[in-house]
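Visitor:
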Amino acid sequence: MHARFDACYCVFGVCSRYNLDEHAVLLVGFPAMPTPDAHLLTLLHTLPPLLLQNTLMACTDRDLAMAMLRFSGVERELLLGRLAPAKRDRVREELTLQQRVRISDAHYKASLDAVIRRLSSQRGQQPVRSYLRPCRTPRRGRPPRPLR
18 MHARFDACYC VFGVCSRYNL DEHAVLLVGF PAMPTPDAHL LTLLHTLPPL LLQNTLMACT
78 DRDLAMAMLR FSGVERELLL GRLAPAKRDR VREELTLQQR VRISDAHYKA SLDAVIRRLS
138 SQRGQQPVRS YLRPCRTPRR GRPPRPLR
């Protein structure tokens with residue numbers, strides 16, 4: 018039997034879930050690059066707790082839920098443990114909704130990248146809204162009125 022190990026770098030005991038045969042990695046000569054999931058977990062471990070909590074609280078519930086969609090139970094609790102109780106409940110609710118819907122890889126990657134980009138930046142970024150705000154159509158000769 019060949020030994021099996023993780024192809025991505027293990028940082029703080031957190032590894033991705035892509036196992037390869039040791040010979041496959043030896044033929045290539047170096048391990049694969051870390052996955053975005055592993056990069057997010059690395060950020061969760063390395064950032065100062067106060068900065069991490071403030072940044073996660075500023076992320077949208079939907080992005081956090083989608084970023085955790087492929088995490089194991091322990092990894093989810095690591096991220097959820099950094100949130101305030103009300104935000105934690107909202108993210109869990111959003112996570113149950115996301116698990117019932119078919120999410121494309123592009124949407125998953127976009128949400129995961131948004132959370133990683135926000136955690137990696139030194140200054141806060143405005144969240145990307147996933148909806149368009151409705152506005153009234155202009156009448157003839159009049160400017161549109163804003164919604165109240």
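Sequence positions in the sequence shown follow this note's numbering and run 18 to 165.
Glycine residues also receive a C-beta, built at the ideal position from the N, C-alpha and C atoms.
At the level of alpha carbons, what is the spacing between residue 9 and residue 74?
Guide: Any property of residue 9 remains undetermined from this structure, which presents the chain solely from 18 to 165.
Visitor: Report yes if the C-beta distance between residue 129 and residue 61 is below 8 angstroms; otherwise report no.
Guide: Position 112 of the sequence shown, counting from 1, holds the residue named residue 129. Position 44 of the sequence shown, counting from 1, holds the residue named residue 61. Not closer than 8 angstroms, so no.
Visitor: Where does residue 98 fall in DSSP's three states?
Guide: For the purposes of this step, residue 98 is taken as residue 81 along the sequence shown, with counting starting at 1. In the structure shown, residue 98 sits in coil (DSSP, three-state: anything other than H, G, I, E or B).
Visitor: Spatial neighbours of residue 93 within its chain, please: CB distance less than 6 angstroms, with the 5 preceding and 5 following residues excluded, ordered by chain position.
Guide: Locating residue 93 in the sequence shown gives position 76, where the first residue counts as 1. Excluding sequence neighbours, residue 93 sits near 85.
Visitor: Roughly how many angstroms lie between the CA atoms of residue 111 and residue 138, to the nearest whole one?
Guide: For the purposes of this step, residue 111 is taken as residue 94 along the sequence shown, with counting starting at 1. For the purposes of this step, residue 138 is taken as residue 121 along the sequence shown, with counting starting at 1. So the two alpha carbons sit approximately 25 angstroms from each other.
Visitor: What would DSSP say about residue 158, mapped onto helix, strand or coil?
Guide: For the purposes of this step, residue 158 is taken as the residue at position 141 of the sequence shown. Coil, per DSSP.
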